[in-house]
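So in this note's numbering, spot 73 of the sequence shown is number 1200, and the numbers just go up one at a time.
Even for Gly, the Cβ is constructed at its ideal location relative to N, Cα and C.
Before any comments, here is the structure.
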Amino acid sequence: MAHRKRTLCVKNQKRRFLQVPALQLHVSKTAMRASQKDFESALSQVKLLKDPGNEVKLKLYALYKQATEGPCNTPKPGVFDLINKAKWDAWNALGSLPKETARQNYVDLVSGLSSSSDSSSQVKPEADRKQRGYETLVVTSEDSITKIMMNRPAKKNAITTQMYNEIMLALKAASKDDSAITVLTGNGDYYSSGNDLSNFTDIPPEGIEEKAKSSAILLRDFVDCFIDFPKPLIAAVNGPAVGISVTILGLFDTVYASSRATFHTPFSHLGQSPEGCSSYTFPKIMGPAKAAEMLIFGKKLTAAEACAQGLVSEVFPDSTFQKEVWTRLKAYSKLPPNAMRISKQVIRNREKEKLHAINAEESRVLQERWLSDECTNAVMNFLTRKAKL
Ligand SMILES: CCCCCCCCCCC/C=C/C(=O)SCCNC(=O)CCNC(=O)[C@H](O)C(C)(C)COP(=O)(O)OP(=O)(O)OC[C@H]1O[C@@H](n2cnc3c(N)ncnc32)[C@H](O)[C@@H]1OP(=O)(O)O
């Protein structure tokens, strides 16, 4: 079973496809720009779909108009002209979204609709129920919130290859479910201790270079999912966070931390370099000098320090963290979901291309770092228990 899964993952990374029972997703499609041909094919595809409902039809209409004509340029219909007013409102809400982005969003939306109607056994986030099929996560949907909880508490929620893949799947499913917001958190005393260092020991017969290459693709696809995630994404950092679990926080919309949480990116100690777009987001969030202390010198921040530097939105006392955070999130999840989604997109779309380019560059640099003696020695020291952070 384990062997079968591994074979699937490697093959799929090569094809940039993830395939699991009950779900087939094209993980990195949103990372690419939709061509006119993709757009035309989505236009034909949409005619074959079963009725997606009025809300989605309005979205499609608005994106189509934005992609073909640009920002809304017609007079607002009268209040009693209900249908045309709803269409105008949807188009007008896209503001100055660039034509290219609207075209991409249209293609993505149609592709999402097609894959959900194609797949008879798609992952449906059934309300109030734990979603099945994840081994390293617990995913639940309740009160319009999809919660993705990393669930390897005995290993401090270290992220294995399987967990990277499952998080991508859970994010893809959450992006299409009917929840308003999505939350990532950890089970147990840690949020996450970052990359599971035993990922370095699972070397295929083709050799370490091949492993570094496929890992760089995995890393890039993983971070792309956070860049492209279309709804408000919140991190509930329940305890210490290390490595990649910290760097990707710069791609979240809101980060809540327990007073017990710490934030540590010891890349130099590990012979590695920053990922998760942190080489860009951290200097932007906290200024270059503070970012360098974290990313180059591995300075560990307390929750209060991370909040003062803008990486964390708010810190809650550990004793009341869960109660206070979930009360807050339940209130947020009642806000109009389309407005939240569109606001996020307006903010994110400005930077999307840049973030994808940075992610690609960071992954490329890391691919080389993983083959260095500095990195090999640091990982071996941890695995043979000579070193801990
Ligand atoms: C050829 C290339 C392949 C590369 C594949 C890479 C794929 C993408 C990579 C993306 C880049 C990511 C970078 C990072 O995230 S860097 C950060 C990596 N993390 C660490 O270095 C943390 C290492 N862990 C520790 O230092 C300590 O465990 C920690 C301080 C977190 C906690 O210490 P504590 O004493 O409280 O607890 P234990 O050490 O006893 O931990 C309990 C058990 O959990 C295991 N554990 C914890 N963290 C990890 C980890 N990151 N990787 C593997 N295992 C981990 C620990 O070994 C204990 O296990 P046992 O009970 O079995 O001993």
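Residue from the options with nearest C-alpha to residue i
i, options, result
"residue 1288", "1259, 1323, 1313", "1323"
"residue 1372", "1204, 1484, 1276, 1300", "1276"
"residue 1196", "1181, 1225, 1202", "1225"
"residue 1421", "1435, 1209, 1393, 1342", "1393"
"residue 1473", "1339, 1178, 1228", "1228"
"residue 1487", "1325, 1217, 1354", "1354"
"residue 1508", "1185, 1312, 1328, 1463", "1328"
"residue 1297", "1470, 1332, 1417, 1356", "1356"
"residue 1494", "1400, 1211, 1284, 1478", "1400"
"residue 1346", "1311, 1330, 1313, 1403", "1403"
"residue 1365", "1325, 1405, 1312, 1351", "1312"
"residue 1268", "1432, 1512, 1460, 1475", "1460"
"residue 1594", "1161, 1426, 1326", "This structure cannot settle anything about residue 1594, because the visible part of the chain is limited to 1128 through 1516."
"residue 1452", "1470, 1384, 1411", "1384"
"residue 1321", "1411, 1278, 1236", "1278"
"residue 1467", "1309, 1259, 1185", "1309"
"residue 1398", "1407, 1502, 1362", "1502"
"residue 1603", "1418, 1426, 1411, 1368", "What the structure shows of the chain is the stretch from 1128 to 1516, and residue 1603 is not part of that stretch, so it cannot be assessed."
"residue 1433", "1260, 1391, 1361", "1391"
"residue 1292", "1316, 1281, 1341", "1341"
Backbone CA spacing between residue i and residue j [nearest angstrom]
i, j, result
"residue 1165", "residue 1234", "7 Å"
"residue 1440", "residue 1454", "16 Å"
"residue 1465", "residue 1167", "25 Å"
"residue 1389", "residue 1430", "6 Å"
"residue 1171", "residue 1200", "25 Å"
"residue 1239", "residue 1414", "38 Å"
"residue 1104", "residue 1263", "Nothing can be reported for residue 1104, as the shown portion of the chain is limited to 1128 through 1516."
"residue 1516", "residue 1504", "14 Å"
"residue 1214", "residue 1359", "24 Å"
"residue 1443", "residue 1435", "14 Å"
"residue 1381", "residue 1318", "15 Å"
"residue 1307", "residue 1272", "6 Å"
"residue 1489", "residue 1481", "12 Å"
"residue 1300", "residue 1217", "24 Å"
"residue 1438", "residue 1445", "18 Å"
"residue 1149", "residue 1333", "Low confidence applies to residue 1149: its pLDDT is 25, below 50, so where it sits in the model is not reliable, and the reading given next is rough at best. Residue 1149 and residue 1333: Cα-Cα distance of roughly 30 Å."
"residue 1409", "residue 1376", "9 Å"
"residue 1295", "residue 1304", "14 Å"
"residue 1485", "residue 1348", "13 Å"
"residue 1204", "residue 1212", "5 Å"
"residue 1221", "residue 1187", "12 Å"
"residue 1219", "residue 1198", "7 Å"
"residue 1179", "residue 1237", "10 Å"
"residue 1284", "residue 1261", "14 Å"
"residue 1249", "residue 1259", "For residue 1249, the predicted model reports a pLDDT of 38, less than 50, meaning its position is unreliable and no value from the coordinates is stated."
"residue 1290", "residue 1281", "14 Å"
For residue i: DSSP bridge partner residues
i, result
"residue 1322", "1286"
"residue 1364", "1384"
"residue 1258", "1266"
"residue 1441", "1383"
"residue 1313", "1277"
"residue 1428", "1390"
"residue 1369", "1391"
Buried versus exposed, by CB contacts within 10 Å (16 or more), residue i
i, result
"residue 1223", "exposed"
"residue 1230", "buried"
"residue 1379", "buried"
"residue 1206", "exposed"
"residue 1257", "exposed"
"residue 1163", "exposed"
"residue 1202", "exposed"
"residue 1274", "buried"
"residue 1424", "exposed"
"residue 1497", "buried"
"residue 1302", "buried"
"residue 1458", "exposed"
"residue 1447", "exposed"
"residue 1331", "exposed"
"residue 1374", "buried"
"residue 1500", "exposed"
"residue 1174", "exposed"
"residue 1450", "exposed"
"residue 1351", "buried"
"residue 1177", "exposed"
"residue 1387", "buried"
"residue 1210", "exposed"
"residue 1343", "buried"
"residue 1428", "buried"
"residue 1367", "buried"
"residue 1510", "exposed"
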